[in-house]
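See below for the structure under consideration.
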Amino acid sequence: MPAQHWAELGDPARLVPLTVWTTPTPTQPGLLPPAAAARAIATFTSSEDLVLTVGGPAGLADAASYLQRRHHALDTAETTSRTGWSGPAGLVIDHPTPTPTAPTTLLPRFVGLAAQLRPGGFLLTVHPPASGPLDPLAATIAAARAAGLRYLQHIVALTTPISSGALTPPPASRTTAGQFLTAVHVDLAVFTTPGGHRA
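Here it is, written out as C-alpha cells:
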C-alpha cells in the first residue's frame, strides 16, 4: 500500500512528545527495565484496570500485581481473541518483532490488540535500538495508526543509569568487535484508542 494511503487511514501527522525515563539499575539492552514497566503501568492505567502483556519479562506481572492491576499474559495467537479474562484492557504492553516488517504484515496484529482496549485505553510497544537502515518502530507506528490507534507519545527508557552526568553501561554490555554503538535504551511508543476520559 502506498505511503500516502497509510496517512489517510490513521490520525493526521503531528508532533509527538518525546520523554526520557531514567532507570536506577542496569537492564539487559532491548528489554523493558522493571522500573519503566512499573512507571508505565502506573501512568497509563487506573486501579483495578486490566493489563495485558504480549512477550516481555516475567516481572511485568509482578509490577501489575504490586500496583493492584489485574494482569493476563497473551501469546501472539491470543491477540485477536478474548478468552481467559473478562472485560477490555486499560493497557496492552506489546513486544513486536525487532526485525523490520512491512506495516501491512503488522496490521492484523494491531487490529487485534486495538480490539482488546477499552475506549481511552493505551497500547505501549517496546522496541530495542535498531542498527540497520530500516526502523521497525516506523512500521509499528504506520500499522497502529491504520488500526485506528492514535500515536500519543514516544518514550526513551534508559537501560543504563546516569552516573556523574553520563551514561555508563556495565562492562558486560559494552561494544564488542564489529559493533560501533552500545545499546543504552529501549524505545516505547504509546498509542491510545478514541473515546474515554483519558484519551
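Residues 18 to 216 in this note's numbering are what the sequence shown spells out, letter by letter. Think of the CB as a built atom: it goes at the ideal place given N, C-alpha and C, for glycine as much as any other residue. Since we're looking at a predicted model, the values are computed, not measured.
Could you work out which residue in T210, V37, T42 is closest to V128 when comparing CA atoms only?
-> The residue labelled residue 128 in the question sits at position 111 within the sequence shown. Among T210, V37, T42, the Cα nearest to that of V128 is on T210.
CA-to-CA distance, A164 to T52, given in whole angstroms = For the purposes of this step, residue 52 is taken as residue 35 along the sequence shown, with counting starting at 1. For the purposes of this step, residue 164 is taken as residue 147 along the sequence shown, with counting starting at 1. According to the sequence shown, residue 52 is Ala rather than Thr. Rounded to the nearest angstrom, the two C-alpha atoms are 29 angstroms apart.
Between the segment 52-69 and the segment 105-125, are three or more C-beta pairs nearer than 8 angstroms?
-> Touching, yes.
V33, buried or exposed, once every other Cβ within 10 Å from all chains shown has been counted against 16 = As a working note, residue 33 is residue 16 in the sequence shown. With fewer than 16 other Cβ atoms within 10 Å, it is exposed.
Nearest-angstrom Cα distance between A106 and S64?
-> Counting from one through the sequence shown, the residue named residue 106 turns up at place 89. Counting from one through the sequence shown, the residue named residue 64 turns up at place 47. Those two C-alpha atoms are separated by around 12 angstroms.
Three-state class that DSSP yields for D111 in the structure shown = If you number the sequence shown from 1, residue 111 lands on position 94. Three-state DSSP puts D111 in a strand.
Would you mind reading off the limits of the alpha helix (DSSP H) that contains P50?
-> Within the sequence shown, numbered from 1, the residue matching residue 50 stands at position 33. P50 -> no alpha helix (DSSP H), and no H or E assigned at all.
Please say whether R87 and A80 have beta carbons closer to each other than 9 angstroms?
-> Here residue 80 refers to the residue found at position 63 when the sequence shown is read from its first residue. Here residue 87 refers to the residue found at position 70 when the sequence shown is read from its first residue. Not in contact: A80 and R87 (Cβ atoms no closer than 9 angstroms).
Take A160 as the anchor and find which of L130, L91, V203, L84 has the nearest alpha-carbon.
-> Position 143 of the sequence shown, counted from the first residue, corresponds to residue 160. Relative to A160, the option among L130, L91, V203, L84 whose CA is nearest is L130.
Simplified DSSP state of P136, which is helix, strand or coil = Sequence index remark: in the sequence shown, residue 136 carries index 119 (1-based). In the structure shown, P136 adopts extended strand secondary structure according to DSSP, grouped into three states.
For A200 and A183, the rounded distance between their alpha carbons = Looking up residue 183 in the sequence shown gives position 166. Looking up residue 200 in the sequence shown gives position 183. It is roughly 14 angstroms from the alpha-carbon of A183 to the alpha-carbon of A200.
Quick one: measure Cβ to Cβ for T118 and A147, integer angstroms, because I've assumed they're closer than 8 angstroms.
-> Indexing the sequence shown from 1 puts residue 118 at position 101. Indexing the sequence shown from 1 puts residue 147 at position 130. With a Cβ gap of about 12 angstroms, T118 and A147 do not count as contacting.
Kindly indicate which three-state DSSP category T157 falls into: helix, strand or coil?
-> Residue numbering aside, residue 157 sits at position 140 when the sequence shown is read from its first letter. The answer is helix: DSSP assigns T157 an H, G or I state.
Closest residue to L123 among D92, R162, T177, P136 (Cα-Cα distance) | Position 106 of the sequence shown, counted from the start, is the residue given in the question as residue 123. If you compare the alpha carbons of D92, R162, T177, P136 with that of L123, the shortest gap goes to R162.
Sequence-distant residues of its chain with Cβ nearer than 6 angstroms to V37 (five each side left out) | In the sequence shown, the residue the question calls residue 37 occupies position 20. Taken in chain order, the residues that qualify are V173.
So, using beta-carbon positions, are T142 and L134 closer together than 9 angstroms?
-> Position 125 of the sequence shown, counted from the start, is the residue given in the question as residue 142. Position 117 of the sequence shown, counted from the start, is the residue given in the question as residue 134. No, Cβ-Cβ distance for T142 and L134 is not below 9 angstroms.
Under a Cβ-count criterion, where at least 16 other Cβ atoms within 10 Å of its own Cβ denotes burial, should P41 be classed as buried or exposed?
-> Looking up residue 41 in the sequence shown gives position 24. Per the 10 Å Cβ criterion, exposed.
Taking buried to mean at least 16 other C-beta atoms within 10 Å of its own C-beta, is P120 buried or exposed?
-> To locate residue 120, count along the sequence shown from 1; it is residue 103. Buried, because 16 or more other Cβ atoms sit within 10 Å of the Cβ of P120.
Taking the C-alpha atoms as reference points, what is the distance between L77 and P150?
-> Along the sequence shown, one-based indexing puts residue 77 at 60. Along the sequence shown, one-based indexing puts residue 150 at 133. Inter-residue distance for L77 and P150 is about 31 angstroms (C-alpha atoms, whole angstroms).
Output the boundary residues of the beta strand (DSSP E) element that contains D204.
-> Residue 204 sits at position 187 when you count from the first residue of the sequence shown. If you look at D204, you'll find it in the beta strand (DSSP E) that goes 202-209.
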